[in-house]
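Chains as they are written, first to last, in this note's numbering: chain A, 6 to 456; chain B, 6 to 456.
No residue lacks a Cβ here, since even glycine has one placed at the ideal position from N, Cα and C.
No experiment lies behind these values; they were computed from the predicted model shown.
The structure appears right after this line, and notes come after that.
Number of protein chains: 2
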Amino acid sequence: MTKQLRLNAFTMNTVGHLAPGLWTHPRDRSRDYKSIRHWAELARTLERGLFDAIFIADVIGVYDTYHGNLDGAVRNAIQLPINDPLQLIPAMALVTEHLGFGVTSSVTYEHPYPFARRMSTLDHLTGGRAAWNVVTSYLDSGARAIGLPHLAVHDDRYDVAEEYLDVCYKLWERSWDDDAVIADTTRGVFADPAKVHAVHHHGRHFHVDGIHLSEPSPQRTPVIFQAGASRRGRQFAGRHAEAVFVSAPTQAILKSQVDAVRASAAAQGRHPDDIVVFSMHTAIVGETDADAHRKYDDYRRHVRQDGALTLLSGWTGIDLGKYRPDEPLRHVTTNAGQSAVEVFSSSDPARSWTIRELAEWVSIGARGPVSVGSPSTVADDLQAWAEATGVDGFNLGAVVIPETFTDAAELLVPELQRRGAFKTAYAPGTFREKLFGRTSRLDARHPGTAA
Amino acid sequence: MTKQLRLNAFTMNTVGHLAPGLWTHPRDRSRDYKSIRHWAELARTLERGLFDAIFIADVIGVYDTYHGNLDGAVRNAIQLPINDPLQLIPAMALVTEHLGFGVTSSVTYEHPYPFARRMSTLDHLTGGRAAWNVVTSYLDSGARAIGLPHLAVHDDRYDVAEEYLDVCYKLWERSWDDDAVIADTTRGVFADPAKVHAVHHHGRHFHVDGIHLSEPSPQRTPVIFQAGASRRGRQFAGRHAEAVFVSAPTQAILKSQVDAVRASAAAQGRHPDDIVVFSMHTAIVGETDADAHRKYDDYRRHVRQDGALTLLSGWTGIDLGKYRPDEPLRHVTTNAGQSAVEVFSSSDPARSWTIRELAEWVSIGARGPVSVGSPSTVADDLQAWAEATGVDGFNLGAVVIPETFTDAAELLVPELQRRGAFKTAYAPGTFREKLFGRTSRLDARHPGTAA
């Protein structure tokens with residue numbers, strides 16, 4: 006049987022998410038990110054295309070590694086300005102019925118007690134369509150911005166995240182019994198006090214004494230997404246994630262990542278398929294291959310190299326502004342003296358990069374694979390990637406907004422449907438039901454169930 | 006010239022905001038608070054009625070003073086469950102053009118750096134219709150919930166609030182110059198790095214080093230609302246507030262509050278009319294006086310006394326569960342041994358209350374005045390209150406949701422309009438422009454301007 010693929014739209018409440026310079030394209034509407042109508046229209050487009058979810062990235066902080074300042078980020082709108090992602094969702098929920106909503110939120114900036122209420126509210130207002138992309142922050146500038154001297158070292162951040170989720174699970178899963186809310190208008194009893202329980206958590210990083218402020222939402226715990234690629238990140242994902250984002254430029258590398266995610270789940274008593282794996286992919290679709298390639302060439306003319314290097318410097322922590330565009334990557338070292346070849350080795354070990362090539366590679370596709378062609382060509386490509394790697398679907402990045410998503414919804418999805426490789430209607434129920442075909446609640450193997 | 010009154014709808018993302026027990030009324034839709042469509046419909050109703058704003062209260066914490074536990078709050082849905090107010094607004098903004106949006110947020114639970122971004126986002130997405138009701142938290146249970154041993158003493162909380170606003174003003178008003186964003190697609194320059202400035206704040210409670218993450222929103226600083234009635238609260242309002250909520254059961258007491266607010270503004274170098282004063286009022290309007298009184302009597306049958314005492318105990322810190330319903334108020338003492346007569350003295354010094362009378366008084370009207378009658382009767386009443394006290398308008402509380410607001414929009418507003426006492430169309434522009442008829446930005450006398 007043909008495997009049905011899943012599709013998320015990957016975006017951010019900003020001007021320049023992943024394609025530096027493309028905000029200057031005449032058809033690009035990224036600058037409408039401040040308009041609630043822009044987002045409502047995008048949500049309608051995605052639901053018409055039966056996208057599984059819209060996923061909204063976020064950072065608190067700025068990309069100030071390139072040349073050691075934030076000029077490149079300000080000039081090129083590199084994930085800056087960057088607005089709160091959460092507030093986009095209620096308006097998109099109002100105009101849709103099925104689209105899932107993933108929101109990125111870091112465990113660094115808000116105490117889990119009020120945060121748990123925010124997510125319960127989101128799950129209520131969306132009718133059970135909320136997902137949370139758990140991140141530990143990676144921009145040191147974000148920590149400095151709130152007066153922390155520096156980010157905790159990487160593994161410590163995951164320890165904080167473990168405890169943060171533990172607190173959230175207790176609030177979401179254990180504070181209100183399923184039958185606590187009676188809403189008996191005759192007796193005048195809204196809820197049964199014996200079935201509402203205080204959480205008492207006294208851990209290393211957080212203290213909580215109190216009941217959860219929200220009654221149980223359709224999913225209780227929102228669907229947990231995670232994207233950490235490190236060993237510790239993978240371990241965290243294996244334990245907590247119900248969906249994982251991965252990104253790799255070759256099928257071999259991607260397959261090893263997918264296998265590692267599933268192995269990590271299994272190692273922690275869960276099933277390998279308890280995690281839906283999405284991989285980063287950029288699809289540039291035209292009516293014909295030639296149309297698509299014309300589109301791609303047109304897009305490439307709007308790339309900004311200093312913007313691309315600003316983004317890449319922020320991601321890697323290497324100031325790529327110190328090198329000439331034609332210098333080979335092997336000349337580049339990190340602040341700690343490590344060769345940049347090692348940093349990029351997971352990308353494509355066989356390739357010898359120059360700085361300019363790195364910039365081009367990040368500008369359209371954000372270091373992930375790019376498929377350019379007719380609906381048939383791109384569908385072939387996506388099916389081949391899924392077949393070779395075991396991913397369940399794709400996180401589609403945008404080049405021109407909303408054109409990239411509109412093309413996917415209107416051209417690519419119908420082709421996948423013709424092949425039996427995409428749903429022709431949404432499954433009923435909450436986002437978790439739609440993803441797993443089971444219940445709205447965490448399954449019994451998930452650690453949140455035992456919180 | 007007839008004074009034009011202003012009207013806000015006062016509500017909360019909860020089942021039982023101000024009228025304990027009324028959620029059981031057959032026409033009450035409070036339990037739909039989890040539905041984003043419920044809120045969108047309410048926003049449409051209010052905009053049809055040319056309401057100035059919808060104001061959403063919030064608490065983090067529970068009402069656990071009554072009998073020393075939270076049974077009364079759980080059973081009667083006394084501001085519990087209580088969901089995040091912020092997320093209601095983007096959906097309401099999508100379906101309206103003019104309605105203002107006030108959101109309550111405490112300075113206790115989130116660092117001002119990410120909070121400032123939340124409010125800038127809200128101001129962007131609403132097209133400049135955002136207001137922030139600044140509160141210092143009053144429920145000790147909220148502090149315990151996040152592991153603080155107890156709330157800071159009252160005056161200290163206002164010192165924290167002063168610094169919190171100072172940080173916010175720096176981020177909102179000073180980080181991005183008005184002409185920082187160029188969005189020059191030809192040159193590929195989104196913003197001018199020389200016009201984006203880092204904030205460096207090192208105070209007693211907060212540290213910030215970084216630029217504001219949001220570009221300037223239509224109002225930059227959202228319209229600042231405040232409701233503190235204490236001496237220190239009034240001083241804070243005089244300095245920061247552009248709108249103030251007051252509440253008093255008699256015109257004489259209300260007038261003294263209004264005068265005190267305006268005097269506090271003047272004492273701090275602002276104009277007395279730099280603050281728009283709204284007073285709490287409940288309007289129960291019918292086609293005729295007899296209709297309205299039938300409605301009122303019907304509402305009263307749904308009041309829950311233990312719910313009312315739960316709410317009042319939480320507000321005052323006095324456990325009213327220790328007394329028999331017919332005991333006079335003079336038997337009641339606070340934990341600190343103070344007579345409750347003193348606590349309630351600002352309400353109506355001449356009146357001798359029993360516990361039962363207190364409960365009834367709080368149940369419909371929430372300790373504020375209640376006008377019951379035909380549109381003409383209620384309009385007379387509101388005009389008389391405004392004339393006698395100097396308030397600019399009213400914060401209308403709901404008894405039955407949305408009926409109380411629908412009646413106000415459909416019956417009361419047309420009557421006020423006939424008298425020339427209510428606008429017949431919204432003024433253009435942002436919420437601040439609508440309120441003051443000046444610019445979208447803080448006026449030069451406001452301390453935020455000099456931040």
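Point to revise | Burial state of A:P90, where buried means 16 or more other Cβ atoms lie within 10 Å | key: buried
Review point. Name the chain B residues that come within less than 8 Å of A:N138, Cβ to Cβ?
Key: What A:N138 touches in chain B: nothing, since even the nearest Cβ is about 16 Å away.
Check your understanding: Is it right to say A:A272 is buried, meaning 16 or more other beta carbons lie within 10 angstroms of its own, or is it exposed?
Key -> With fewer than 16 other Cβ atoms within 10 Å, it is exposed.
Check your understanding: To which residues of the same chain is B:T131 closer than 7 Å at the C-beta, ignoring the five residues directly before and after it?
Key -> Scanning its chain for C-beta atoms nearer than 7 Å, with the 5 sequence neighbours on each side dropped, one finds around B:T131 the residues I94, A98, F106, in chain order.
Review point. CA-CA distance, A:L153 and B:M17?
Key: 34 Å
Check your understanding: Is the shortest distance between the beta-carbon of B:H129 and the beta-carbons of chain A less than 8 Å?
Key -> yes
Exercise for review: State yes or no: is the beta carbon of B:Y118 nearer than 8 Å to at least one beta carbon in chain A?
Suggested key: Yes, because at least one Cβ of chain A sits closer than 8 Å to the Cβ of B:Y118.
Review point. Is A:V64 helix, strand or coil by DSSP?
Key: coil
Exercise for review: Pair every Cβ in the segment 131-148 of chain A with every Cβ in the segment 184-201 of chain A, then say whether three or more of these pairs are closer than 8 Å.
Suggested key: no
Check your understanding: Given a threshold of 16 other Cβ atoms within 10 Å of its Cβ, counted over all protein chains shown, does A:T409 qualify as buried or as exposed?
Key -> buried
Practice item. Please check if any C-beta of chain B sits within less than 8 Å of the C-beta of A:H212. Key: Cβ-Cβ to chain B under 8 Å: yes for A:H212.
Point to revise | Three-state secondary structure (DSSP) of B:W177 | key: helix
Practice item. Take A:S111 and list the residues in its own chain whose beta-carbon comes closer than 7 Å to its own, dropping the five residues that flank it on each side. Key: I65, V140, T141, S142
Check your understanding: Given a threshold of 16 other Cβ atoms within 10 Å of its Cβ, counted over all protein chains shown, does B:A430 qualify as buried or as exposed?
Key -> exposed
Review point. Which ranges does the beta strand (DSSP E) cover as unbroken runs of at least 3 residues, wholly within the segment 131-166 of chain B, from first to last along the chain?
Key: 135-140
Check your understanding: Roughly how many angstroms separate the alpha carbons of B:Y304 and B:I41, rounded to a whole number?
Key -> Spanning the two alpha carbons is a distance of roughly 26 Å.
Review point. Mapping DSSP to helix, strand and coil, what is B:D128?
Key: The answer is helix: DSSP assigns B:D128 an H, G or I state.
Check your understanding: A:P277 touches chain B at which residues, Cβ-Cβ below 9 Å?
Key -> Chain B residues near A:P277: none, gap ~35 Å exceeds 9 Å.
Practice item. Name, in chain order, the residues that DSSP records as bridge partners for B:A288. Key: DSSP output for B:A288 lists B:S376 as bridge partner(s).
Point to revise | Counted within 10 angstroms of its Cβ, other Cβ atoms place B:D160 as buried (16 or more) or exposed | key: Exposed, by the Cβ-count rule.
Practice item. Use the C-beta contact count for A:M6: other C-beta atoms within 10 angstroms, 16 or more gives buried, fewer gives exposed. Key: exposed
Check your understanding: How about the segment 290-301 of chain B and the segment 260-279 of chain B: do they share at least three Cβ pairs that are nearer than 8 Å?
Key -> no
**Study point:** Cα-Cα separation between B:Q256 and B:A426, rounded to whole angstroms
**Key:** 19 Å
Check your understanding: For B:T226, which beta-bridge partners are listed by DSSP?
Key -> The partner list for B:T226 (beta bridge, DSSP) is empty, contrary to what the question assumes.
Practice item. Using beta-carbon positions only, say whether B:V20 and A:F230 come within less than 8 Å of one another. Key: no
**Study point:** Contacting residues, own chain, Cβ-Cβ under 7 Å from B:I406 (five flanking each side not counted)
**Key:** D33, R34, S35
**Study point:** Start-to-end residues for the alpha helix (DSSP H) that takes in B:A96
**Key:** Segment 93-99, the alpha helix (DSSP H) holding B:A96.
Check your understanding: Within the 8 Å Cβ cut-off, does A:G105 reach chain B?
Key -> no
Point to revise | Where the alpha helix (DSSP H) containing A:T50 begins and where it ends | key: 41-53
Point to revise | Length at least 3, wholly inside the segment 245-284 of chain A: the beta strand (DSSP E) runs in chain order | key: Listed in chain order, they are 248-251.
Point to revise | Neighbour flag for A:A188 against chain B, beta carbons, 8 Å | key: yes
Check your understanding: So which residues of chain B does A:G152 contact, with C-beta pairs closer than 9 Å?
Key -> H116, Y118, H206, H207, F211, H212, V213, D214
Review point. Of all Cβ atoms in chain A, is any one closer than 8 Å to the Cβ of B:K39?
Key: Using a CB distance cut-off of 8 Å, B:K39 counts as an interface residue toward chain A.
Point to revise | Extent of the continuous beta strand (DSSP E) run through A:A188 | key: Element bounds for A:A188: 186-189.
Review point. Where A:A135 and B:D331 are concerned, what is the direct C-alpha to C-alpha distance, given to the nearest angstrom?
Key: Answer to the nearest angstrom: the Cα atoms are 49 Å apart.
**Study point:** C-alpha distance - B:E415 paired with B:L55, whole-angstrom precision
**Key:** In a straight line, the C-alpha of B:E415 is about 10 Å away from that of B:L55.
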